[in-house]
Amino acid sequence: MNAYGLYFFSLTLQGIISPLLAIWLWVKAGQQPGMKALALFCVSIGLWATGQLAINLGDARISELGKILVNTGPVNAVFFLHFVLRFLGRLRPAHIIAWYVAALILMLGIAILDMGSLLPWLEFQRYYVFPAWGWIPGIFVSSLSTWAYLLLLMAWPAAAPKKRGQILAVCLAGVWGSASTLMFLNASFGIAIFPYSVILLPFYAVLLVLGILRYDMMAVNLWANRFLAWLALSLLTVAIAGLVLSLVAQTGFSPLAALPLWQLWLLGTGMLLTMLILERPMRSFMEKLIFPGAHLEANVLSNWRLQLEAAASWQELAASASALLETHLRQPMPVLLFHAGAPDSNADEQTCVICYRQQAQATHAEWHYELRHWEGATPSVQRVGAVFGALLAAAAGRLDQLLRYAEQEKQRLQQAHLTELGGLAATVAHELRNPLNIISMAAISCPPEVRNDIREQIERADHLIQDLLSYSGEVRLNCQPVDMAELIDNIVAQLRPTAMANGVQISSDIEENLRGHIDRMRAEQILNNLLNNALAMLRGRPDARIHIATATDQQMLRLRICDNGPGIPAEQKADLFQAFKSRRAGGTGLGLAIVRRLVEAHGGSVALIIYPGWNCCFELYLPKSP
8 MNAYGLYFFS LTLQGIISPL LAIWLWVKAG QQPGMKALAL FCVSIGLWAT
58 GQLAINLGDA RISELGKILV NTGPVNAVFF LHFVLRFLGR LRPAHIIAWY
108 VAALILMLGI AILDMGSLLP WLEFQRYYVF PAWGWIPGIF VSSLSTWAYL
158 LLLMAWPAAA PKKRGQILAV CLAGVWGSAS TLMFLNASFG IAIFPYSVIL
208 LPFYAVLLVL GILRYDMMAV NLWANRFLAW LALSLLTVAI AGLVLSLVAQ
258 TGFSPLAALP LWQLWLLGTG MLLTMLILER PMRSFMEKLI FPGAHLEANV
308 LSNWRLQLEA AASWQELAAS ASALLETHLR QPMPVLLFHA GAPDSNADEQ
358 TCVICYRQQA QATHAEWHYE LRHWEGATPS VQRVGAVFGA LLAAAAGRLD
408 QLLRYAEQEK QRLQQAHLTE LGGLAATVAH ELRNPLNIIS MAAISCPPEV
458 RNDIREQIER ADHLIQDLLS YSGEVRLNCQ PVDMAELIDN IVAQLRPTAM
508 ANGVQISSDI EENLRGHIDR MRAEQILNNL LNNALAMLRG RPDARIHIAT
558 ATDQQMLRLR ICDNGPGIPA EQKADLFQAF KSRRAGGTGL GLAIVRRLVE
608 AHGGSVALII YPGWNCCFEL YLPKSP
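Using the working numbering, you'd call the opening residue of the sequence shown number 8 and step up by one each time.
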């Protein structure tokens, strides 16, 4: 391709790039100051380039039309001034309207007076040449452009750092544009030198827009990156094509060697441009095919947030999260929730999402997420996981807080209820004991068998009164270090005669030197309640056994009391520790409720658990240290 071919190619490229750039500016950045005026300026640059092509390559009628397009220079200059004034915040509508009117009058004068001629020059069939009196439009355009650049330079010292960079970019782009069009005037000056500088013109509008918007719109930097990549690959294509032609010429393969370099360059560049255009949609299609759910939409995020925040329990939250992620990714994706800190890194080998609380005992503990074994996913899929994990952690934190508040409210209501019940129980106990004492004294004159029955019922009533007072009264603890082996051995020794009489074997496995920081009297009450319940349930059963085991679990001591009795009916398990909800034969219905209240007063917990080899097993946690 010779210099004339490059000249026309450059103008063609400018005629295509400028309108596309103007459309993009109008759509993407139209709300930013001055961008619509800049878009019109880009359109004018494209029209100027198209006019030059029409003058040189068209017939006489097309050439005249091209001349009209080139003569739009005055309005183009006002577009640029409009942009600068709007960009600097100095626009006065009346003034800019006056400049537009002056430019239109000047364009009308150019058309009427025919300020310019189309003459042959060098090897151009027609070239736009300005006579001496035809420089009036040029003076107008140069004056407005110079004024606009002076305004930018005067605003530069007081401008913010970002705006300084934009002003500098506009000025440098202006220098580039002036240098590109300078040699266009060679014919008018009578200088017989080809206008090589016009070849650089296509980059003027691109540099101008990039310099202004690269600080405000990430999309501009993205397109600049693609453009530079395309330019670099195009130059590489030219180099490779030249090398291939040289090698082919030496091998004697004349048909390919005879192809002009510019044809190979156009072919290579066209193929390269096609690949760059198709690369992103093809990659997106493949990602959707192999990694479905790699893209997020606002309605999906909203649905995720609503579904996760609707969960009322940990099990419901885990199930809902797993279902949502599985539906979106179209593959099973377990979600695991941990309340007691981060899980072991090797705890689970499957691909999953883990959500855990950083500090198990913290009042306002932070929740975090981990995408386990997601290393093979694409960045977009990992981004989906990260967004989902953040929403899950937020929902877990919210649920954690709600459950804590619910538990606190439950305890507050329970305490208020117990306070009320305590007053009532004290009154009832006082009122009942007087009649019971009278009945007891009156029974002395009764026959022995009647007296025994009366005494038995009086003891039962007194036991009920004692349990009611224990359950409803204020729990005051005197916690001290207690040797657990010695405590349990003493209680078992007291109960062993009753156990032997009922054929019950009591065994124990007590960790040596295990000490608990507990109230000894209350601990004896806890153990007696649980062991007496077990003995009552085992009465009359063959091979009846009770086993007591202790161990250390972090900062707590763990105590298990298990028996091989009939177990707890399924319908009673949910309310097992509620007052009067479960009652063995001869019991008051308060034994397990008292156990829970005393254990929780120590800062511990009690639960019915499933333990292999036993039908009923209670597990207690009590503090080891203050």
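Cβ atoms here follow ideal geometry from the backbone N, Cα and C, with glycine treated the same way.
First and last residue of the uninterrupted beta strand (DSSP E) at residue i
| i | result |
| --- | --- |
| ILE555 | 551-560 |
| MET122 | Per DSSP, MET122 belongs to no beta strand (DSSP E) and is neither H nor E. |
| ILE513 | 511-516 |
| ILE361 | 359-364 |
| ARG565 | 563-570 |
Simplified DSSP assignment, three categories, for residue i
| i | result |
| --- | --- |
| GLU377 | strand |
| GLY620 | coil |
| LEU157 | helix |
| TRP128 | strand |
| SER70 | helix |
| GLY523 | strand |
| GLN343 | Residue identity check: residue 343 is Leu in the sequence provided, not Gln. Strand, per DSSP. |
| ASP460 | helix |
| ALA109 | helix |
| PHE625 | strand |
| SER612 | strand |
| GLN39 | coil |
| PRO488 | strand |
| PRO576 | coil |
| ARG133 | strand |
| LEU538 | helix |
| PRO209 | helix |
Nearest-angstrom beta carbon gap, residue j and residue i [assumed within contact, 8 angstroms]
| i | j | result |
| --- | --- | --- |
| GLN314 | LEU332 | Contact flag wrong, Cβ pair sits at about 11 angstroms. |
| PHE90 | LEU45 | 5 angstroms |
| PHE147 | SER195 | Their Cβ separation, rounded to whole angstroms, is 16 angstroms, which puts PHE147 and SER195 out of contact at 8 angstroms. |
| ALA319 | LEU399 | Not confirmed; about 16 angstroms, so no contact. |
| SER25 | ILE52 | 5 angstroms |
Continuous alpha helix (DSSP H) stretch holding residue i: start and end
| i | result |
| --- | --- |
| ILE30 | 10-35 |
| MET507 | 491-508 |
| MET42 | 42-64 |
| ILE451 | Where ILE451 is concerned, there is no enclosing alpha helix (DSSP H), given that its DSSP letter is neither H nor E. |
| PRO168 | 168-189 |
| THR334 | 321-336 |
| ASN306 | 305-316 |
| GLY96 | Taken as a continuous stretch (DSSP letters only), GLY96 belongs to no alpha helix (DSSP H), as it is neither H nor E. |
| SER195 | 193-196 |
Nearest-angstrom Cα separation, counted from residue j out to residue i
| i | j | result |
| --- | --- | --- |
| ALA367 | HIS346 | Note on ALA367: pLDDT 49, under 50, position unreliable in the model; the coordinate value appears next. Near 6 angstroms, if we compare the C-alpha coordinates of HIS346 and ALA367. |
| ILE104 | GLN59 | 28 angstroms |
| HIS102 | LEU208 | 30 angstroms |
| VAL606 | TYR628 | 8 angstroms |
| HIS609 | MET448 | 41 angstroms |
| ARG565 | GLN389 | 42 angstroms |
| GLU519 | THR559 | 10 angstroms |
| GLY41 | LEU98 | 10 angstroms |
| THR188 | SER204 | 6 angstroms |
| GLN532 | VAL602 | 8 angstroms |
| ARG522 | ILE446 | 46 angstroms |
| TYR135 | ASN306 | 58 angstroms |
| GLY65 | GLN132 | 10 angstroms |
| ASP121 | GLY80 | 14 angstroms |
| ASN459 | ALA450 | 9 angstroms |
| MET190 | PHE15 | 15 angstroms |
| PRO633 | ILE361 | 33 angstroms |
| ALA61 | THR385 | 50 angstroms |
| TRP33 | GLU304 | 25 angstroms |
| TRP128 | MET114 | 25 angstroms |
| LEU615 | PRO288 | 59 angstroms |
| MET544 | GLN408 | 40 angstroms |
Cβ-based neighbour list, residue i, same chain, cut-off 6 angstroms, excluding 5 preceding and 5 following
| i | result |
| --- | --- |
| ILE513 | VAL499, ALA506, ILE553 |
| ILE297 | For ILE297, the predicted model reports a pLDDT of 49, less than 50, meaning its position is unreliable and no value from the coordinates is stated. |
| LEU215 | ALA180 |
| ARG162 | Just to set this straight, residue 162 is Ala in the shown sequence, not Arg. Contacts found: LEU95. |
| CYS486 | HIS524, ILE525, ASP526 |
Spatial neighbours of residue i in its chain, beta-carbon cut-off 7 angstroms, leaving aside the 5 residues before and after
| i | result |
| --- | --- |
| ILE517 | MET491, ALA492, ILE495, THR557 |
| ILE174 | LEU159, ALA162, TRP163, ALA166 |
| TYR156 | CYS178, GLY181 |
| THR57 | GLY22, LEU76 |
| LEU13 | ILE206 |
Nonlocal neighbours in the same chain, by C-beta distance under 8 angstroms from residue i, ignoring five residues either side
| i | result |
| --- | --- |
| MET563 | GLY611, TYR628, LEU629, PRO630, LYS631 |
| ALA226 | Note that ALA226 has pLDDT 48, beneath the 50 cutoff, so the model's placement of it is unreliable and the number below is only indicative. Closer than 8 angstroms at Cβ, skipping near neighbours: LYS35. |
| ASN9 | none |
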